[in-house]
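Peer 1:
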Amino acid sequence: MKQQAIFLAVAERVVPEMAGLGRRARADALALVEHQLAARPERVRRELALLLTLIRWAPAIRYGRPFERLSPDRQDAVLAWLQDAPAAKLRAGFWGLKTLAFLGYYGRAEAPETINYRPSHDGNTLLHAR
Amino acid sequence: MPDRSFDIVIIGSGAGGGTVAKELAPLCKDGLTIAVLEWGARLKEEEYTGREVEMADRLYVDSGGFLTHDRTMTLAFGRAYGGSTVVYTGTSLTMPEKTLARWNVEGLAYDDLLRRSRKYLDENSVHLLDPADINDNNRLFHDACRALGYRVEQFPINVRGCLGSSLCNLGCPNAAKMGTHRVQLPEAERQGVTVVTNCRVSRIDDRTLRATVTDPGFGLPSAWAPGEYRIRAKIVVVAAGAVNSPALLLRSGLGRRLPALGRYFTAHPALILVGEHPRPITNYYGHPKSYYCDHFAESDGFLLETCMYFPFVTAKNLAGFGAAHSRLMAAMDRMQMILVLALDPAEAGNRVTVDGGGHPVVRYTLADQTRRALVKAMRVSSRVFFAAGATRVHAPAGRRFFIEAAERDQIDELIPFDGLKPGKISITSAHLMGGCRMGATSSDSVTNAWGEVHGVPWLFVADGSLFPRCSEINPYVTIMALADRVAERVRERIAQA
Chain F
30 MKQQAIFLAV AERVVPEMAG LGRRARADAL ALVEHQLAAR PERVRRELAL LLTLIRWAPA
90 IRYGRPFERL SPDRQDAVLA WLQDAPAAKL RAGFWGLKTL AFLGYYGRAE APETINYRPS
150 HDGNTLLHAR
Chain X
26 MPDRSFDIVI IGSGAGGGTV AKELAPLCKD GLTIAVLEWG ARLKEEEYTG REVEMADRLY
86 VDSGGFLTHD RTMTLAFGRA YGGSTVVYTG TSLTMPEKTL ARWNVEGLAY DDLLRRSRKY
146 LDENSVHLLD PADINDNNRL FHDACRALGY RVEQFPINVR GCLGSSLCNL GCPNAAKMGT
206 HRVQLPEAER QGVTVVTNCR VSRIDDRTLR ATVTDPGFGL PSAWAPGEYR IRAKIVVVAA
266 GAVNSPALLL RSGLGRRLPA LGRYFTAHPA LILVGEHPRP ITNYYGHPKS YYCDHFAESD
326 GFLLETCMYF PFVTAKNLAG FGAAHSRLMA AMDRMQMILV LALDPAEAGN RVTVDGGGHP
386 VVRYTLADQT RRALVKAMRV SSRVFFAAGA TRVHAPAGRR FFIEAAERDQ IDELIPFDGL
446 KPGKISITSA HLMGGCRMGA TSSDSVTNAW GEVHGVPWLF VADGSLFPRC SEINPYVTIM
506 ALADRVAERV RERIAQA
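Note that the protein sequences, when read in sequence, are chains F and X. With positions in the first sequence counted from 1, the corresponding number in my numbering is that position plus 29. With positions in the second sequence counted from 1, the corresponding number in my numbering is that position plus 25.
1) Okay, do the stretch 70 to 82 of chain X and the stretch 37 to 53 of chain X touch, 3+ Cβ pairs below 8 Å being the bar?
2) Below 8 Å between beta carbons: does that hold for Val400(X) and Leu173(X)?
3) Give the straight-line distance between the Cα atoms of Gly42(X) and Ile36(X), rounded to the nearest whole angstrom.
4) Please confirm if the stretch 439 to 452 of chain X is in contact with the stretch 113 to 123 of chain F, defined as three or more CB-CB distances below 8 Å between the two stretches.
5) Let me check you understand the geometry: is the CB of Met360(X) closer than 7 Å to at least one non-hydrogen atom of the ligand COA?
6) The stretch 119 to 142 of chain F: which residues have C-beta closer than 9 Å to a C-beta of chain X, in chain order?
7) Give the list of continuous alpha helix (DSSP H) stretches no shorter than 4 residues that lie fully inside the stretch 127 to 173 of chain X.
8) Is there a Cβ from chain F that is less than 8 Å from the Cβ of Gly300(X)?
9) Once the 5 residues before and after Val515(X) are set aside, which same chain residues still bring their CB inside 8 Å of it?
10) In chain order, what residues of the same chain have a beta carbon less than 7 Å from the beta carbon of Val511(X), not counting five sequence neighbours either side?
11) Between the stretch 305 to 320 of chain X and the stretch 332 to 339 of chain X, do three or more beta carbon pairs fall short of 8 Å?
12) If I follow the unbroken beta strand (DSSP E) through Glu513(X), where does it start and stop?
13) Buried or exposed: which applies to Asp509(X), given that a residue is buried once 16 or more other Cβ atoms fall within 10 Å of its Cβ?
14) I need the straight-line Cα distance from Val151(X) to Pro181(X), nearest angstrom please.
15) To the nearest angstrom, how far is the alpha carbon of Ala430(X) from that of Leu165(X)?
16) Anything in chain F within Cβ reach of Glu77(X), meaning under 7 Å, just list it in chain order.
17) Are any of the Cβ atoms in chain X nearer than 8 Å to that of Ile35(F)?
18) So is Ile90(F) buried or exposed if we call it buried at 16+ other beta carbons inside 10 Å?
19) Looking at the unbroken beta strand (DSSP E) that takes in Gly252(X), where does it start and where does it end?
20) Span of the beta strand (DSSP E) holding Arg376(X)?
21) Given this structure, state the Cα-to-Cα distance separating Gly266(X) from Gly287(X), to the nearest angstrom.
22) Unbroken alpha helix (DSSP H) runs of length 4 or more, entirely within the stretch 313 to 395 of chain X: which are they?
23) Output the boundary residues of the beta strand (DSSP E) element that contains Ile452(X).
24) Report buried or exposed for Asn183(X), applying the criterion of at least 16 other Cβ atoms within 10 angstroms of its Cβ.
25) Counting only beta-carbon separations shorter than 8 Å, does Ala117(F) have a partner in chain X?
26) Using a cut-off of 7 Å between C-beta atoms, extract the partners of Met357(X) located in chain F.
27) Please say whether Ser406(X) and Val365(X) have beta carbons closer to each other than 8 Å?
28) With distances taken Cα to Cα, identify the nearest neighbour of Ile256(X) among Pro370(X), Phe492(X), Val268(X) and Arg228(X).
29) Would the beta-carbon of Pro148(F) fall within 8 Å of that of Leu57(X)?
30) Report all residues from its chain with a CB closer than 7 Å to the CB of His320(X); omit the five preceding and five following residues, and keep chain order.
31) List the endpoints of the continuous beta strand (DSSP E) containing Met98(X).
32) With DSSP as the reference, label Gln179(X) as helix, strand or coil.
33) Rounding to the nearest angstrom, what Cα-Cα distance links Ala506(X) and Lys47(X) in this structure?
34) Assuming Asp105(F) and Arg52(F) are in contact, meaning their beta carbons sit under 8 Å apart, how far apart are those beta carbons, in whole angstroms?
35) Counting Cβ pairs, one atom from each stretch, are 3 or more of them under 8 Å apart for the stretch 456 to 463 of chain X and the stretch 289 to 307 of chain X?
36) Along chain X, which residues have their Cβ under 8 Å away from the Cβ of Leu156(F)?
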């Protein structure tokens, strides 16, 4: 993915726990995202790149610096504005970006255990035991 | 390009295609040749792992993330031997008479539809789960609805030997869900029907199909080697689902003579709410979907259903991000979930088209009544959660990420109508209907009441795209009943020939 650094900067605000991932886990997260993007049309990847560019540089107009150099609170403010942007296209674009961040973090094999999600193919045995 | 020739070709193997295949299979002993062409793979038993991302990739179109044209709604539909019956939750309801009356299709009678529906309830082992197998997530919903005076019913489920994995939407890992991959297709194959998996039909011309077989790298090998094929058939039954059936017929040039083709697409737009409980509850042990509330269906146009989803799906369906989102996600063992579904109107502008490459494009705009229904459904669900003992609720259209129990008297103010912002909130659909709707004339419908495409006597449609309006319940049993009618008409055509 182009602009991987800005994607990760956004992802760490979307899922703060991303910042605490080790190198391998982070690589796994990015691999999940890349796998999904590879299956999509080129248009989708271009639109993602455009959105990341917008997120990176639009804050410079208001705050005088690009996204990755803002404080966490200001980064959150930028993303919150996008989430509620007047244009549905921007809102949908941010939702898509969030979805990729969630995929990278929660789609990893190790993630379910960390959020107390422990399904079993024989769930009824455990259900009856409660 | 290899040529193949059959008397009957069925495109798609889900609730519609699988049913038609099984109902026509007895013709094989009379010497007829029948093939089912299925785009998806037939998974090996050990490939039903229950791992979220892996199974979504293998069993869903676009990994469950097919987006409408404006990206504001996600459509989830299966692509597999068994179609969406492999991935849906197994709830099995017959369509109410008043809904069929609203459909107003000449030649489609309630008694006939009910009789056929009941045949499949029996065939698919549909029954109510034992109370001992109902988990807290479901029981709390039931008890809260009762306490609030809301009508609540138990879902009959098509399972045999369910072990309560709660992984239904990722393909049952215990072979317990009686979709067409377990019931109708094996029976059809036993009687001589050929099922070709990994086979995508690109176009239908005069009784001739163009198809491509690929190797996806998983599942059992297809009956045919990878490559391009030309298939001739005397009769073609299209059952590729409400997105791909209209798309295929549009690619095949039928849009010019059938102006309604692709139109009147409905979806039961849905979204998820979460109630957080102070202590762990049983939610991912046991069948995930035991109850529904249709108390508000007639008055306000929505249904509530119990549900339990997986980490990634849950995460993307919560509005918001950051610390509050993560805190809620970390409490998956304390989550109670409700799925709200709006009963959307059939509008000509909501339609399936194809782009320059022939790929389906779904254009869908939420009607005002649908938006109001979703907001009201969120308010009602929040009341259900608090009545169930939840300490706080996440409603996607809420002013804040959480509504606390102390604020339960302010639910209407905290979930305003303008809080439902398309694009911001995750709206999904797994009930895809319309696009090849039944009706009397070719000016405003695609098929007659027996699924015969107007003006094309050898071409039929047999899936949810037949629906002229939404079904107001889970559509799968109704699809099977309609497919049974299509099979009956195909048999008559064969006999006449």
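Using N, Cα and C, we set each Cβ at its ideal position, and we do this for glycine too.
Peer 2: Quick answer:
1) no
2) As a working mapping, residue 400(X) is identified with position 375 in the second sequence. As a working mapping, residue 173(X) is identified with position 148 in the second sequence. Not a contact, by the Cβ cut-off of 8 Å.
3) In the second sequence, the residue the question calls residue 42(X) occupies position 17. In the second sequence, the residue the question calls residue 36(X) occupies position 11. Cα-Cα distance, rounded: 7 Å.
4) yes
5) Of ligands this structure carries none, so the ligand COA is not represented either.
6) Leu119, Arg120, Ala121, Gly122, Phe123, Trp124, Gly125, Lys127, Thr128, Ala130, Phe131, Leu132, Tyr134, Tyr135, Gly136, Arg137, Ala138, Ala140 and Pro141
7) 135 to 148 and 161 to 173
8) Here residue 300(X) is taken as the residue at index 275 of the second sequence, counted from 1. Taking Cβ atoms only, chain F never reaches closer than 8 Å to Gly300(X), which makes this a no.
9) Taking the first residue of the second sequence as position 1, residue 515(X) is located at position 490. Within the same chain, Val515(X) has close Cβ partners Ile33, Val45, Leu49, Ile260, Val262 and Phe485.
10) By one-based count along the second sequence, residue 511(X) stands at place 486. Taken in chain order, the residues that qualify are Val45, Val262, Trp475, Gly476, Phe485 and Ala487.
11) yes
12) If you number the second sequence from 1, residue 513(X) lands on position 488. Note, Glu513(X): premise wrong, no beta strand (DSSP E); alpha helix (DSSP H) at Tyr501 to Gln521.
13) Residue mapping note: residue 509(X) aligns to position 484 of the second sequence, counting from 1. Flag for Asp509(X) reads buried.
14) Mapped onto the second sequence, residue 151(X) falls at position 126. Mapped onto the second sequence, residue 181(X) falls at position 156. Rounded to the nearest angstrom, the two C-alpha atoms are 6 Å apart.
15) Within the second sequence, the letter at position 405 stands for residue 430(X). Within the second sequence, the letter at position 140 stands for residue 165(X). Cα to Cα, Ala430(X) sits roughly 16 Å from Leu165(X).
16) Reading the second sequence from its first residue, position 52 is the one you call residue 77(X). Within chain F, the residues near Glu77(X) are Gly136.
17) Taking the first sequence and counting its residues from 1, the one referred to as residue 35(F) is at position 6. Cβ-Cβ to chain X under 8 Å: no for Ile35(F).
18) Taking the first residue of the first sequence as 1, we reach residue 90(F) at position 61. Answer is exposed; the Cβ neighbour count stays below 16.
19) Within the second sequence, residue 252(X) is the residue found at index 227, counting from 1. Here the beta strand (DSSP E) through Gly252(X) covers Gly252 to Val263.
20) To locate residue 376(X), count along the second sequence from 1; it is residue 351. That run of the beta strand (DSSP E) goes Arg376 to Val379.
21) Stepping through the second sequence from its first residue, residue 266(X) is reached at position 241. Stepping through the second sequence from its first residue, residue 287(X) is reached at position 262. Going by the C-alpha atoms only, they are around 12 Å apart.
22) 322 to 325, 336 to 342 and 348 to 354
23) What you label residue 452(X) is simply residue 427 of the second sequence in a count that begins at 1. Note, Ile452(X): beta strand (DSSP E), Ile452 to Ser454.
24) Position 158 of the second sequence holds residue 183(X). Classification of Asn183(X): buried, given that the 10 Å Cβ count is 16 or more.
25) One-based indexing of the first sequence puts residue 117(F) at position 88. Yes - at least one Cβ of chain X is within 8 Å of the one on Ala117(F).
26) The count along the second sequence starts at 1 and reaches residue 357(X) at position 332. Ordered by position in chain F, the residues that pass the 7 Å Cβ test against Met357(X) are Ile144, Asn145 and Tyr146.
27) Within the second sequence, residue 365(X) is the residue found at index 340, counting from 1. Within the second sequence, residue 406(X) is the residue found at index 381, counting from 1. Contact: yes.
28) Translated into the one-based positions of the second sequence, residue 256(X) becomes position 231. Among Pro370(X), Phe492(X), Val268(X) and Arg228(X), the Cα nearest to that of Ile256(X) is on Arg228(X).
29) As a first step, residue 148(F) must be located in the first sequence, where it is residue number 119. As a first step, residue 57(X) must be located in the second sequence, where it is residue number 32. Taking 8 Å as the Cβ cut-off, Pro148(F) and Leu57(X) do not qualify as a contacting pair.
30) Along the second sequence, one-based indexing puts residue 320(X) at 295. Hits under 7 Å: Tyr175 and Arg176.
31) As a first step, residue 98(X) is located in the second sequence; it is residue number 73 there, counting from the start. Residues Met98 to Leu100.
32) The count along the second sequence starts at 1 and reaches residue 179(X) at position 154. Strand.
33) Stepping through the second sequence from its first residue, residue 506(X) is reached at position 481. Stepping through the second sequence from its first residue, residue 47(X) is reached at position 22. The alpha-carbon atoms of Ala506(X) and Lys47(X) are separated by roughly 13 Å.
34) By one-based count along the first sequence, residue 105(F) stands at place 76. By one-based count along the first sequence, residue 52(F) stands at place 23. Rounded, the Cβ-Cβ distance is 26 Å, inconsistent with contact.
35) yes
36) For this step, residue 156(F) is matched to residue 127 along the first sequence. Here the neighbours are Asp158, Asn160, Gly189, Thr307, Tyr310 and Gly311.
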